[in-house]
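Residue numbers (the working numbering), protein chains in the order written: chain A, 24 to 184; chain B, 24 to 184.
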């Protein structure tokens, strides 16, 4: 698997092909399920984001971004977002992207990484981040309206770098 | 004290006169201390924000906003921001604005309110939100670079509505 920076219009189309179905599914991100391509790409490629694509044998498997969690006095803590192409689940794509993003964050001098809203019902994500050294700092009660499960907790997860 | 919706260009100027010095002080918000008027107002008056001004005897004492903490599946949880004019500290302005925002959030049907980054060294804020029924869900270690104290923790605070 190769993970590389996303560049150019073609990569934006690839990112949309990955994140569009994940956003529409509405189970992993607190983002509007009906977001258009333009809205989703404006979010994923926001000015402070570095965007990466995971590929194998020419096929795009996942997309992720790295950014400061907050500006100003919070800019030494990193945040990141990840989406695995729905057809590529179960192949370790998110783990490879997570390891890549942690290394990139360390290289850029971030002191820690924080996830603000890991959906508690997203067991693969909670398991992955825990196995990559993240602690669950707290559960926010019923912070996420899951499309089939109803209100579920969201986790604040954190690790030093 | 009157708390009312901010409207028009004159109110934008008033908001800037309140939030500009608070942002530049850099002790209460993870926002760039060198933000321009335009950058600060674009943040405070973001499309999903409802902005209010606190006044007494014609003088503006504070500004606050109410918004969803997250879009999509997180939009039932409110978030808010508050700034008291530096010259009006110690007069209960933040408490009055907090009570107003809680009432507004209830009226709009939000189920809870969450603060993501209350600076632990901002003792008046921590005391105020605790006294208004917020629980501290967790401390994020050294999440904020304070201009004089160095790295201090940030608190995730939460209450049901």
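Using N, Cα and C, we set each Cβ at its ideal position, and we do this for glycine too. This structure is a prediction, so every number in the text was calculated from the model and none was measured.
Open item on the list: Relative to the C-alpha of residue 180(B), which candidate in 72(B), 153(B), 121(B) has its C-alpha closest?
Closed with: The count along the second chain starts at 1 and reaches residue 180(B) at position 157. Ranking 72(B), 153(B), 121(B) by Cα distance to residue 180(B) puts 153(B) first.
Open item on the list: Assuming contact is defined by CB atoms lying nearer than 8 angstroms, are residue 50(A) and residue 142(A) in contact in what I supplied?
Closed with: For the purposes of this step, residue 50(A) is identified with residue 27 of the first chain, where counting begins at 1. For the purposes of this step, residue 142(A) is identified with residue 119 of the first chain, where counting begins at 1. Yes.
Task: Buried/exposed call for residue 128(B), threshold 16 Cβ in 10 Å - done: In the second chain, residue 128(B) corresponds to position 105, counting from 1. With a threshold of 16 other beta carbon atoms within 10 Å, residue 128(B) meets it and is buried.
TODO: Sort out for me which residues DSSP pairs residue 24(A) with in a bridge.
DONE: Position 1 of the first chain, counted from the start, is the residue given in the question as residue 24(A). Residue pairing by DSSP places residue 24(A) in no beta bridge whatsoever.
- [ ] Report yes if the CB atom of residue 26(B) is closer than 8 angstroms to the CB atom of residue 77(B), and no otherwise.
- [x] For this step, residue 26(B) is matched to residue 3 along the second chain. For this step, residue 77(B) is matched to residue 54 along the second chain. Taking C-beta atoms as the reference points, residue 26(B) and residue 77(B) count as a pair closer than 8 angstroms.
- [ ] Count the other CB atoms, across all protein chains shown, that sit within 10 Å of the CB of residue 81(A); report buried if there are 16 or more and exposed otherwise.
- [x] Working through the first chain from its first residue, we reach residue 81(A) at position 58. Under a 10 Å Cβ-count criterion, residue 81(A) is classified as exposed, with fewer than 16 other Cβ atoms of the shown protein chains found around its own Cβ.
TODO: State the Cα-Cα distance for the pair residue 151(A) and residue 118(A), rounded to the nearest angstrom.
DONE: Along the first chain, read from residue 1 onward, the residue named residue 151(A) stands at position 128. Along the first chain, read from residue 1 onward, the residue named residue 118(A) stands at position 95. C-alpha separation (whole angstroms): 7 angstroms.
Task: Nearest-angstrom beta carbon gap, residue 67(B) and residue 52(B) [assumed within contact, 8 angstroms] - done: Taking the second chain and counting its residues from 1, one reaches residue 52(B) at position 29. Taking the second chain and counting its residues from 1, one reaches residue 67(B) at position 44. Actually they are not in contact, since the Cβ atoms of residue 52(B) and residue 67(B) sit about 11 angstroms apart, beyond 8 angstroms.
- [ ] Counting only the same chain and skipping the five closest in sequence on each side, list residues whose C-beta sits under 6 angstroms from that of residue 84(B).
- [x] The residue you call residue 84(B) lines up with position 61 of the second chain. Excluding sequence positions up to five before and after residue 84(B), its CB lies within less than 6 angstroms of the CB of 77, 108, 111, 116, all in the same chain and listed in chain order.
TODO: Count the other C-beta atoms from every protein chain shown that fall within 10 angstroms of the C-beta of residue 74(B), then say buried if there are 16 or more, exposed otherwise.
DONE: For the purposes of this step, residue 74(B) is identified with residue 51 of the second chain, where counting begins at 1. Here residue 74(B) is buried, its C-beta having at least 16 other C-beta atoms within 10 Å.
Open item on the list: Can you pull out the residues from the region 40 to 55 of chain A whose beta carbon lies closer than 9 angstroms to at least one beta carbon of chain B?
Closed with: Flagged, chain order: 46, 49, 50, 52, 53, 54, 55.
Open item on the list: Threshold first: 3 residues or longer. Then list the beta strand (DSSP E) segments lying entirely within the region 42 to 78 of chain B, N to C.
Closed with: Taking only runs of at least 3 residues, no beta strand (DSSP E) segment lies wholly in the region 42 to 78 of chain B.
Task: Within 7 angstroms of chain A by C-beta, residues of the region 138 to 157 of chain B in sequence order - done: Cβ contacts with chain A: 139, 140.
- [ ] Kindly list the residues whose CB is nearer than 6 angstroms to the CB of residue 159(B), restricted to its own chain and excluding five residues on each side of it in sequence; keep chain order.
- [x] Within the second chain, residue 159(B) is the residue found at index 136, counting from 1. Excluding sequence positions up to five before and after residue 159(B), its CB lies within less than 6 angstroms of the CB of 178, 180, all in the same chain and listed in chain order.
TODO: For the alpha helix (DSSP H) holding residue 186(A), just list the boundary residues, first then last.
DONE: With chain A represented from 24 up to 184, any question about residue 186(A) goes unanswered, as that position is not in the structure.
Task: 8 angstroms contact criterion, which residue 133(A) and residue 184(A) should meet: CB distance rounded - done: Here residue 133(A) is taken as the residue at index 110 of the first chain, counted from 1. Here residue 184(A) is taken as the residue at index 161 of the first chain, counted from 1. Indeed they touch by this definition, with Cβ atoms about 6 angstroms apart.
Open item on the list: For residue 35(B) and residue 106(B), I'd like the C-alpha separation in whole angstroms.
Closed with: For the purposes of this step, residue 35(B) is taken as the residue at position 12 of the second chain. For the purposes of this step, residue 106(B) is taken as the residue at position 83 of the second chain. Here the alpha carbons of residue 106(B) and residue 35(B) stand approximately 14 angstroms from one another.
- [ ] Starting from the beta carbon of residue 87(B), find every residue of chain A whose beta carbon is closer than 9 angstroms, and list them in chain order.
- [x] Looking up residue 87(B) in the second chain gives position 64. Under the 9 angstroms cutoff, chain A gives no residues; its nearest Cβ is about 19 angstroms from residue 87(B).
Open item on the list: Tell me the DSSP secondary structure of residue 107(B) in three-state form.
Closed with: The residue given as residue 107(B) occupies position 84 in the second chain. Residue state for residue 107(B) is assigned as strand, using DSSP reduced to three classes.
Task: residue 153(A), enclosing beta strand (DSSP E) - first and last residue - done: Taking the first residue of the first chain as position 1, residue 153(A) is located at position 130. Bounds of any beta strand (DSSP E) do not take in residue 153(A); it lies within the alpha helix (DSSP H) bounded by 146 to 154.
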